[in-house]
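Asks: Before we start, here is the structure in question, set down as structure tokens.
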Amino acid sequence: MSEPTPTAPVGLDEDLYRPIEQTGRGFYSMAAFFLAVFAFGVYQYIRQLRFGLGVTGMNQPVTWGFYIINFVFFIGISHAGTLISAILRLTQAEWRRPITRMAEVITAIVLAIGGLHPIIDLGRPDRLLNVFKWGRLQSPLLWDVMSITAYFAASTVYLYLPLIPDIARLRDRGTRPQWLYRFLSWNWQDTPQQRKVLHNAMNLLMILVIPVAVSVHTVISYIFAMTLEAGWHSTIFGPYFVAGAIFSGIAALMVVMIVFRKVYHLERYLKPIHFSNLAKLLLVMSIVWFYLTFSEYLTGFFGNEPAELDVLMTKISGPYAFPFWLMVFVNFVVPVALLSRKKTRSIPVILFVSVGIVVGMWIERLIIVVPSLAVPYVEFPQHAYWPSIAEIGIFAGAIAAFCLGFMVFAKFFPLICIWEIEEGRSEALEESVERFRSYLPDPPREDALKEGRP
Amino acid sequence: MIRALQWLSIALMWGFALSLMVLVPWLVVVAARWHDALNWSLAISLVMLPVYLTVAGVLTYVFVGLQRGRDDRSSP
Amino acid sequence: MSTHFVFLATCLLGAVLPTSLHAASPQQPIAYNHNLHVSELEIPCTECHIGAESADHATLPPKEICATCHEDGPIGESDEEAKLIEFIEGPDPIEWIRLTRVSEHVHFSHRRHVKAGQLLCERCHGQMAEHEVPITRPAISFRREIGMQRCIACHKESGNARATVDCVLCHR
Amino acid sequence: MSETTSQLRERRWGMVIDLDRCTGCGACVAACKAENNVPEVSRRDAFSGRVMNWIRVAHSESQERHGPSAAYPILCLHCDDPPCTKVCPVHATYVGVDGIVGQTYPRCIGCRYCMGACPYTVKVFNWHEPQWESELRAHTNPDVSLRPKGVVEKCTFCSHRLQTARDDAACESRDVEESDYQPACVEVCPARAMTFGDLRDPNSDVSSMARSPRSHRMLEELGTEPSVIYLKERERRV
């Protein structure tokens, strides 16, 4: 066993290692539960493979349902992550340190799950290879394949790089399984040169990951916006989707943070100030989201174009009125009412608001995908779209897969970036004092002093 | 053994990046062959290829960099 | 759940098993000698496979076609001919086993290729004239080994403007 | 905008539907189903909105909808610049040489993007493996394939008839004439409301009808350039 690295002061961050080194009964029972739900989803998918997409609730004209909604939703959540952590790192926001890791984990897991959804949606998944053999780059679906793979690659690496020093710590502590930590730590020895390489790479990646992340959700919006369908064919869909993605991402991040803070007793690390700061960000995004939603619908409404108006009316007063107004309520009214006042910005309230927003953003995806299809230009026999047990089962399975993925990750790796916390303790204070000092106006030059005040 | 796994993962990463970089020109070839929206395909491939190149480049930089950094000291 | 497992396992097995096992070598009712009829007696293919020039399918000859020559008793001394005579005199049709098939979703017109395109049968069916006993697998299967690539290659190299590579004109 | 369209095309098959003549009897719907082996769906599927029709007769009673008339048949309009082909990720739907928008079933991956992109909602999906009762199976058209589950299908202007017409013409070493080829719906229409022909040929019936002041195309403002042209009803004095 190698000796612990000199930079790791033993004891201070023991709380962060505990979930990895001790496994309680709760973990196994939760894992079993999620595994069961996941297995149910897999079973439903196998049923779908056998009997065709007829087992879902989709029909003509509503040819896209839960799978595409969930696809957009999950990929949206994935923006939590990397985008938030990249922006916070880039702007050197010191309070980011305990948050970034969780955000990145959300991204990686949710991207993998979301990326599978278009495949689940295929009528002929056995012909998936056609996309690579004879794919048409003109199709926005291909743009999506490209941008999601790029984002997945970039964000996985972006999760992995800051993890290396922590893995090395686990390796040096002798945590099991040793081979895993030795394999993943890449012989990290905390040499100055290694630090420099890691630092450079992270800097590069965090800059790269922002445009890639923006492009991903823009391209997803293009899937809809590139068609001529009323309600989809909109120029602001790109920014609208990106804003919505970041919005839902922050909310999901808060939910995860609050849950794991409770479960793993991370109160020392995730303090009210972190939630307060994120809640302010959430409030801003809520307002931005509302602004974009408003602009999007107002142009349709004011122009009075019949097809556009038909879709709009089904949303605000037709069969989709309830989810629509619920969405406005939980995405805008509740956050603005509760998060804008310091008094109500407490952690339980934030949890409530965040859960509401995650649900609300899912409804938003529903409101975007389904009504436009349900109200075609030309008269068509109408049938309400209701998800079947297959779609609900697969949705539940996907959520279970996310929880399971997060639990397994937390079982093997620290959920809070230990070295960044240590770095914060040892260096950040002086560094930021130095930084703040550099913001201050320079002292007057000596010759100016002499001239001005003789 | 662990060394081999590490090299394997590098190889996988590169295989991934390279196969994407092969895929895009291939799709352009397909488009040309089918007289099918070649201009679009070219435009999109021009956007995609640099992105993959950058991702692959960063990966290489990190892996090579870490190995170089390690060589300063003997491995534990 | 177990039925699903069996289903999956069967799929896997089906994919792994060699193709030869799939097509158990078929036994034709009469061991027709192509070599004798085509090479030596110089009977053209279309004499018996009458659809080749006039229809989509080339057709396998019914016994009436055989009867035009073999009606008045055996010409040679082979056992196979004796079987044929039995068929001609009996009430049953000869149930030839069809070996060459194109997929259901393909429109392939024999008359188009044979009559309008003036293609030789050998081009796709191989040197049938050399076989003295019935073949057990087609010289060229359009199912597995070659498929669409062969069609496309030939259509392109023919230089014939009517030999299209447009999907819907062959896919149906 | 598939470049195939402009470069290789000889003809542009098109249809004119005179709404003044259309009685909405549905003969075209039945003929199409029989001709193209469009499967029947189960009762349950029919109730959940999965009826499969390549042509349907829409009725617009009120003026709120954007349809042009009281009863009008809608089939794939075989657009010149179809929104559906642009979004297909695998080249399963595309504009063919004679302006027929093709759907290649063996290539389709069933993503249903084209169905969402089509402003006319004329594509249908095989939600299940089609079930054919033995009676019906025996009467399927051998010229048309039976589609497997999980692929999108739509009107092909009875392209199998074009295949046969081309075979006929090739055997007589001539080009396909307009009179060689007609889709089943046109053939069967008892009111002769549908006319089929070459829109490229200025002397054809369809071309002259297309020049009528009554002619219009569905959702013309979208710029999809459909090959199916409707003739508006004349005003009636009671």
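Residue numbers (the numbering used here), protein chains in the order written: chain A, 5 to 458; chain B, 3 to 78; chain C, 11 to 182; chain D, 27 to 264. Where a beta carbon is used, it is the ideal one built from N, C-alpha and C, also for glycine.
Less than 9 Å between CB atoms is the rule here; does SER74 of chain D satisfy it with respect to chain A?
Replies: yes
Asks: Let me see if you follow: with CB-CB separation under 9 Å, is CYS164 of chain C close to chain D or not?
Replies: no
Asks: What does a CB cutoff of less than 7 Å around ALA33 of chain C pick up in its chain, not counting 5 residues either side in sequence?
Replies: Only weak support exists for where ALA33 of chain C lies, its pLDDT of 48 falling under 50; the value from the coordinates is given anyway. Excluding residues within five positions, the ones whose Cβ falls inside 7 Å are ARG147.
Asks: For a test of the three-state rule: what should DSSP assign to ILE255 of chain D, helix, strand or coil?
Replies: strand
Asks: Mind checking PRO122 of chain A: buried by the 16 CB within 10 Å criterion, or exposed?
Replies: buried
Asks: Is any beta-carbon of chain C found at less than 9 Å from that of CYS197 of chain D?
Replies: yes
Asks: If the cut-off is 7 Å on Cβ atoms, which residues from the region 130 to 157 of chain D count as contacting chain C, listed in chain order?
Replies: THR130, TYR131 and PRO132
Asks: Based on the DSSP output, what are the partners of PHE222 of chain D in its beta bridges?
Replies: D:MET41
Asks: Under a three-way DSSP split, which group does GLN48 of chain A fall into?
Replies: helix
Asks: What ranges does the alpha helix (DSSP H) occupy inside the region 140 to 209 of chain D, keeping only unbroken runs of at least 4 residues that lie completely in it?
Replies: 160 to 164 and 185 to 197
Asks: Nearest-angstrom Cα distance between CYS114 of chain D and CYS58 of chain D?
Replies: 25 Å
Asks: Using a C-beta cutoff of 9 Å, does ARG160 of chain C count as contacting chain D?
Replies: Chain D, which has no Cβ nearer than 9 Å to the Cβ of ARG160 of chain C, makes this no.
Asks: Are the C-beta atoms of VAL49 of chain B and some chain D residue less than 9 Å apart?
Replies: no
Asks: Work out the CA separation of ASP169 of chain D and THR56 of chain C for me, nearest whole Å.
Replies: Annotation: THR56 of chain C to ASP169 of chain D spans about 23 Å, alpha carbon to alpha carbon.
Asks: Can you tell me whether HIS59 of chain C is helix, strand or coil according to DSSP?
Replies: If DSSP states are grouped into helix, strand and coil, HIS59 of chain C belongs with coil.
Asks: Could you tell me whether any Cβ in chain B is nearer than 9 Å to the Cβ of HIS117 of chain D?
Replies: yes
Asks: Does the CB of HIS181 of chain C have a neighbour CB from chain D at under 9 Å?
Replies: yes
Asks: Going by DSSP, name the residue or residues bridged to VAL83 of chain D.
Replies: D:PRO99
Asks: For ARG237 of chain D, count neighbouring C-beta atoms within 10 Å of its own C-beta (all shown protein chains included) and say buried if the count is 16 or more, exposed if not.
Replies: That one is exposed.
Asks: Which class does GLN8 of chain B belong to by DSSP, given the choice of helix, strand or coil?
Replies: helix
Asks: Roughly how many angstroms separate the alpha carbons of TYR295 of chain A and GLY157 of chain C, rounded to a whole number?
Replies: 56 Å
Asks: Along the region 105 to 118 of chain C, what residues have a CB closer than 9 Å to any CB found in chain D?
Replies: SER113, GLU114, HIS115, VAL116 and HIS117
Asks: Are there 16 or more other CB atoms within 10 angstroms of the CB of TRP9 of chain B, so buried, or fewer, so exposed?
Replies: exposed
Asks: Does the Cβ-Cβ distance between LEU45 of chain D and LYS258 of chain D come in under 9 Å?
Replies: Closer than 9 Å, so yes.
Asks: Do the region 275 to 295 of chain A and the region 110 to 122 of chain A make contact, defined as three or more Cβ pairs closer than 8 Å?
Replies: no
Asks: Pull up the DSSP beta-bridge partners for SER120 of chain D, would you.
Replies: Sequence inspection shows Tyr at residue 120 of chain D; the Ser mentioned does not correspond to that position. DSSP output for TYR120 of chain D lists D:GLY128 as bridge partner(s).
Asks: According to DSSP, is SER468 of chain A helix, strand or coil?
Replies: Look at the range of chain A in this structure, 5 to 458, and you will see that residue 468 of chain A is not part of it.
Asks: Can you grab the Cα-Cα spacing for the pair VAL259 of chain A / PRO27 of chain B, in whole Å?
Replies: Looking at the two C-alpha atoms, the distance is approximately 42 Å.
Asks: Among A:ASP194, A:ALA112, A:ILE110 and A:LEU57, which one has its Cα closest to the Cα of ARG128 of chain A?
Replies: That would be A:LEU57, whose Cα lies nearest to the Cα of ARG128 of chain A.
Asks: Check HIS44 of chain C in the structure and name its three-state DSSP category.
Replies: Residue state for HIS44 of chain C is assigned as helix, using DSSP reduced to three classes.
Asks: Along the alpha helix (DSSP H) that carries ALA77 of chain C, what are the first and last residues, could you check?
Replies: 73 to 80
Asks: Just to confirm my understanding: we take VAL362 of chain A, look at its own chain, exclude 5 residues before and 5 after, and list those with CB closer than 8 Å. What are they?
Replies: In chain order, ILE81, SER252, ALA255, ALA256 and VAL259 place their CB closer than 8 Å to the CB of VAL362 of chain A, counting only its own chain and leaving out the 5 sequence neighbours on each side.
Asks: Residues in its own chain within less than 6 Å of TRP153 of chain D by CB, not counting five upstream and five downstream?
Replies: ARG76
Asks: Give me, in chain order, the residues of the same chain whose beta-carbon lies closer than 6 Å to that of PHE65 of chain B; leave out the 5 immediate sequence neighbours on both sides.
Replies: The answer, listed in chain order, is ILE12.
Asks: Between the region 261 to 272 of chain A and the region 239 to 248 of chain A, do at least 3 Cβ pairs fall closer than 8 Å?
Replies: Counting Cβ pairs under 8 Å, fewer than three are found: no touch.
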